[in-house]
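Trainee: Using the numbering used here, you'd call the opening residue of the sequence shown number 113 and step up by one each time.
Structure below; questions to follow.
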Amino acid sequence: MIVEKILYFFVALTVIIAIFTLFNAVVYKKYGKMKWVKFISLSVVFIIAGIGLFFLAHYFVYLPYVNGFCRFIDNIFRAFLKYLPMFSLALWFIGPFVLVSVIIAVGTIIEKIQIKAKYRKWEKNNQPELTTEGEENIIPNTEEVQFSLDGAVLTEFKYESVFGLQKAYELSKAKGLQISKIDDGFVAVYANKIGMDDLANLLNENNIPFEPLPNRPTLTVIHPDGAMSVTVKESLEKLKGKISK
113 MIVEKILYFF VALTVIIAIF TLFNAVVYKK YGKMKWVKFI SLSVVFIIAG
163 IGLFFLAHYF VYLPYVNGFC RFIDNIFRAF LKYLPMFSLA LWFIGPFVLV
213 SVIIAVGTII EKIQIKAKYR KWEKNNQPEL TTEGEENIIP NTEEVQFSLD
263 GAVLTEFKYE SVFGLQKAYE LSKAKGLQIS KIDDGFVAVY ANKIGMDDLA
313 NLLNENNIPF EPLPNRPTLT VIHPDGAMSV TVKESLEKLK GKISK
């Protein structure tokens with residue numbers, strides 16, 4: 113029946129929209145492997161729920177009174193279709209949907225290509241010293257520091273680049289607090305409460321004033337007169353915003 117097929121269409125469309133919304137909420141601009149576990153798990157739940165709604169729609173249209181109404185609508189619709197050539201029907205009802213879908217898909221691909229090209233241009237102009245592919249972006253630091261940060265185990269990472277900050281964040285998840293020297297101090301990245309506590313203890317031991325540290329993945333810039341923190345998420349969004357301009 114036509115009514116049943118329309119219900120199936122809206123159920124399928126709802127599941128697709130839900131999965132796209134889930135992708136934007138859980139995966140897009142998020143970091144870490146757990147985002148994919150959450151996305152796949154919830155997508156499976158949505159698909160199972162969609163299958164359940166298919167069966168429910170089928171059961172609904174065959175209820176005694178509902179079935180009579182659906183057959184009435186079905187007869188009217190079929191009578192209307194007899195007066196329309198199928199090619200014209202497809203052209204007027206399906207054509208616009210296909211055309212809009214193609215335009216959106218092409219526009220999305222072009223936008224992604226432009227963003228990637230801008231990133232490569234920005235990376236080339238601002239970071240000629242980036243290591244080549246396959247080389248470690250985070251390496252031991254043996255340079256002299258401007259002020260003492262006793263007890264700190266130093267590594268080197270480029271916190272002002274998207275790639276460098278992401279690498280530091282991933283390493284902090286696996287090995288704990290990461291600290292690197294910069295021109296006038298240090299920069300630290302932690303991914304969890306253990307890293308946060310380690311950084312707080314290190315700052316206290318070296319008598320460096322600081323505001324309460326966020327209990328989430330954070331980038332902290334440390335100077336002799338204090339420390340300033342911003343979440344890794346916010347920092348990455350700012351860096352990507354600079355690239356897209």
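Glycine included, every Cβ here is placed at the ideal spot set by N, Cα and C.
Bear in mind that the values here come from a model prediction, so they are computed numbers and not experimental data.
Comparing alpha-carbon positions, which option in 314, 131, 217 lies nearest residue 266?
Mentor: Translated into the one-based positions of the sequence shown, residue 266 becomes position 154. Comparing Cα-Cα distances from residue 266 to each of 314, 131, 217, the minimum goes to 314.
Trainee: Report the option in 174, 286, 297 whose CA atom is closest to the CA atom of residue 337.
Mentor: What you label residue 337 is simply residue 225 of the sequence shown in a count that begins at 1. Per the Cα distances, 297.
Trainee: What are the start and end residues of the alpha helix (DSSP H) that includes residue 157?
Mentor: Along the sequence shown, read from residue 1 onward, the residue named residue 157 stands at position 45. 146-173 is the span of the alpha helix (DSSP H), which, as asked, contains residue 157.
Trainee: According to DSSP, simplified to helix, strand and coil, what is residue 307?
Mentor: Start at 1 with the first residue of the sequence shown, and residue 307 comes out as number 195. Helix.
Trainee: If we count Cβ pairs, one from each stretch, closer than 8 Å, do we get three or more for the segment 173-180 versus the segment 127-134?
Mentor: These segments do not touch.
Trainee: Using the three-state DSSP reduction, which class does residue 118 fall into: helix, strand or coil?
Mentor: On the sequence shown, position 6 is the one that residue 118 refers to. If DSSP states are grouped into helix, strand and coil, residue 118 belongs with the helices.
Trainee: Following the continuous beta strand (DSSP E) through residue 293, name the residue where it begins and the one where it ends.
Mentor: Here the question's residue 293 lines up with position 181 in the sequence shown. Taken as a continuous stretch (DSSP letters only), the beta strand (DSSP E) holding residue 293 covers 290-294.
Trainee: Based on Cα-Cα distance, which residue from 305, 274, 272, 153 lies nearest to residue 285?
Mentor: Residue 285 sits at position 173 when you count from the first residue of the sequence shown. Here the closest residue by C-alpha is 305.
Trainee: Based on the DSSP secondary-structure assignment, which residues constitute the bridge partners of residue 178?
Mentor: Here the question's residue 178 lines up with position 66 in the sequence shown. Answer by DSSP bridge pairing: none, since residue 178 is not bridged.
Trainee: On the DSSP bridge assignment, give the partners of residue 334 in chain order.
Mentor: Locating residue 334 in the sequence shown gives position 222, where the first residue counts as 1. 298, 339, per the DSSP bridge assignment.
Trainee: What does DSSP give as the partner residues of residue 322 in its beta bridges?
Mentor: Residue mapping note: residue 322 aligns to position 210 of the sequence shown, counting from 1. Its beta-bridge partners are 339.
Trainee: Hey, could you find the ends of the alpha helix (DSSP H) residue 275 is sitting in?
Mentor: By one-based count along the sequence shown, residue 275 stands at place 163. Looking at the DSSP string, the run of the alpha helix (DSSP H) that includes residue 275 is 274-287.
Trainee: Can you give the Cα-Cα distance for residue 114 and residue 185, rounded to whole angstroms?
Mentor: Within the sequence shown, the letter at position 2 stands for residue 114. Within the sequence shown, the letter at position 73 stands for residue 185. Spanning the two alpha carbons is a distance of roughly 8 Å.
Trainee: With H, G and I counted as helix, E and B as strand and the rest as coil, what does DSSP make of residue 139?
Mentor: Residue 139 sits at position 27 when you count from the first residue of the sequence shown. Coil at residue 139, not helix or strand.
Trainee: CB-CB under 7 Å to residue 343, same chain, minus the five flanking residues each way: which ones, in chain order?
Mentor: One-based indexing of the sequence shown puts residue 343 at position 231. Only 326, 328, 329, 330 meet the Cβ criterion.
Trainee: Considering Cα atoms alone, identify which of 133, 183, 120 is closest to residue 162.
Mentor: Indexing the sequence shown from 1 puts residue 162 at position 50. It is 120 whose Cα lies nearest to the Cα of residue 162.
Trainee: Alpha carbon to alpha carbon, how far is residue 349 from residue 213? Give it in angstroms, no decimals.
Mentor: In the sequence shown, the residue the question calls residue 213 occupies position 101. In the sequence shown, the residue the question calls residue 349 occupies position 237. Going from the Cα of residue 213 to the Cα of residue 349 covers about 29 Å.
Trainee: Closest to residue 293 by C-alpha separation, out of 346, 283, 270, would be which residue?
Mentor: Counting from one through the sequence shown, the residue named residue 293 turns up at place 181. The shortest C-alpha separation from residue 293 is found at 270.
Trainee: Sorted by chain position, which residues of the same chain lie with C-beta nearer than 6 Å to residue 154's C-beta, five sequence neighbours on each side aside?
Mentor: Position 42 of the sequence shown, counted from the start, is the residue given in the question as residue 154. Within the same chain, residue 154 has close Cβ partners 134.
Trainee: In or out: residue 171 buried (at least 16 other Cβ within 10 Å) or exposed?
Mentor: For this step, residue 171 is matched to residue 59 along the sequence shown. Residue 171 is exposed by the Cβ-count criterion.
Trainee: What I want to know is whether the C-beta of residue 114 ends up closer than 8 Å to one or more non-hydrogen atoms of the ligand ATP.
Mentor: With respect to the ligand ATP, the structure shown offers nothing to examine, as it has no ligands at all.
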